[in-house]
Amino acid sequence: MIDFITALRSKVTGEVFDFQVLMDVLSIYRKPRDVVTRLLAGGIIIRIKKGLYCFGDALRRRPVSREYVANLIYGPSYVSLEYAMHYHGLIPEQVHTVTSVTSKRSRGFDTPLGEFSYRMLSKDRYAVGQILDSTEETAFLIATPEKALIDKVWTDSRFDGTRISEFQEYLIDDLRIEMDRLGELDSNLMREICKVYDSAKIRNLMIYLKRIWGANNA
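Residue 270 in the numbering used here sits at position 78 of the sequence shown, with consecutive numbering throughout.
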């Protein structure tokens, strides 16, 4: 068993791997699934969801990137909404659920690594505003700050966005975004995403933000 654990750790450069990798390393065993059961019971590996695993604490070389895991649990998807807003420094509060958007139906997963939620967008809206970023040498897809904000405004059923005068209370008091951070958003990228969304709610957001950008340039 020790030889197998060494072989698995040497074959997997990251911290997350799938069932096929397990089976490749376990091919020398007559009952590989029984070995998997023993590894899970001993905490050597952890099942994130069916077919997806990570190393337990004793074998990890670095922390598991939950952003990367979010890309793998359900796809196509990328991290967005509140989690991406906090990641980019738009909102101060820690977000415990890793929030993502997807072109498939909305889903939620409760795993040993925490909760992961996915909100459905149309394919056109999903396709814009994502970038490749990395932490702990692990690359993952995440929304830009601009796309994360627009996705949040669009999906937030608590706020209808019909009145431009209500955006300041919503963004500053409810979401707790710093006014200076709104002024730092890429206005050209915001306009591009707004065109794709083709939504009155997002157009009103743009009207509100243009006032901030104008004040900053005054």
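Using N, Cα and C, we set each Cβ at its ideal position, and we do this for glycine too. Everything numeric in this text was worked out from a predicted model, so none of it was measured.
CA-to-CA distance, residue j to residue i, given in whole angstroms
i           : j           : result
residue 230 : residue 236 : 9 Å
residue 275 : residue 289 : 7 Å
residue 399 : residue 356 : 7 Å
residue 337 : residue 313 : 17 Å
residue 353 : residue 287 : 23 Å
residue 321 : residue 305 : 26 Å
residue 205 : residue 393 : 44 Å
residue 240 : residue 395 : 39 Å
residue 397 : residue 326 : 29 Å
residue 278 : residue 262 : 16 Å
residue 221 : residue 215 : 9 Å
residue 232 : residue 384 : 47 Å
residue 224 : residue 251 : 20 Å
Residue i - DSSP class collapsed to helix/strand/coil
i           : result
residue 377 : coil
residue 279 : helix
residue 237 : strand
residue 204 : coil
residue 248 : coil
residue 321 : coil
Boundaries of the beta strand (DSSP E) in which residue i is found, first to last residue
i           : result
residue 242 : Counting along the chain, residue 242 falls outside any beta strand (DSSP E), and DSSP gives it neither H nor E.
residue 303 : 299-303
residue 285 : Here residue 285 belongs to no beta strand (DSSP E), and DSSP marks it neither H nor E.
Check: residue i C-beta below 6 Å from any heavy atom of the ligand MG
i           : result
residue 329 : The ligand content of the structure shown is nil, which means the ligand MG is not present either.
Cβ-Cβ separation, residue j to residue i (assumed contact under 8 Å), whole Å
i           : j           : result
residue 217 : residue 196 : 7 Å
residue 308 : residue 259 : No, residue 308 and residue 259 are not in contact; Cβ-Cβ is about 10 Å, not under 8 Å.
residue 253 : residue 207 : 7 Å
residue 301 : residue 245 : No, residue 301 and residue 245 are not in contact; Cβ-Cβ is about 15 Å, not under 8 Å.
residue 374 : residue 404 : 5 Å
residue 271 : residue 335 : 7 Å
According to DSSP, residues forming a beta bridge with residue i
i           : result
residue 326 : 331
residue 293 : 270 and 311
residue 306 : 303
Extent of the continuous alpha helix (DSSP H) run through residue i
i           : result
residue 345 : 337-347
residue 211 : 211-217
residue 265 : 258-265
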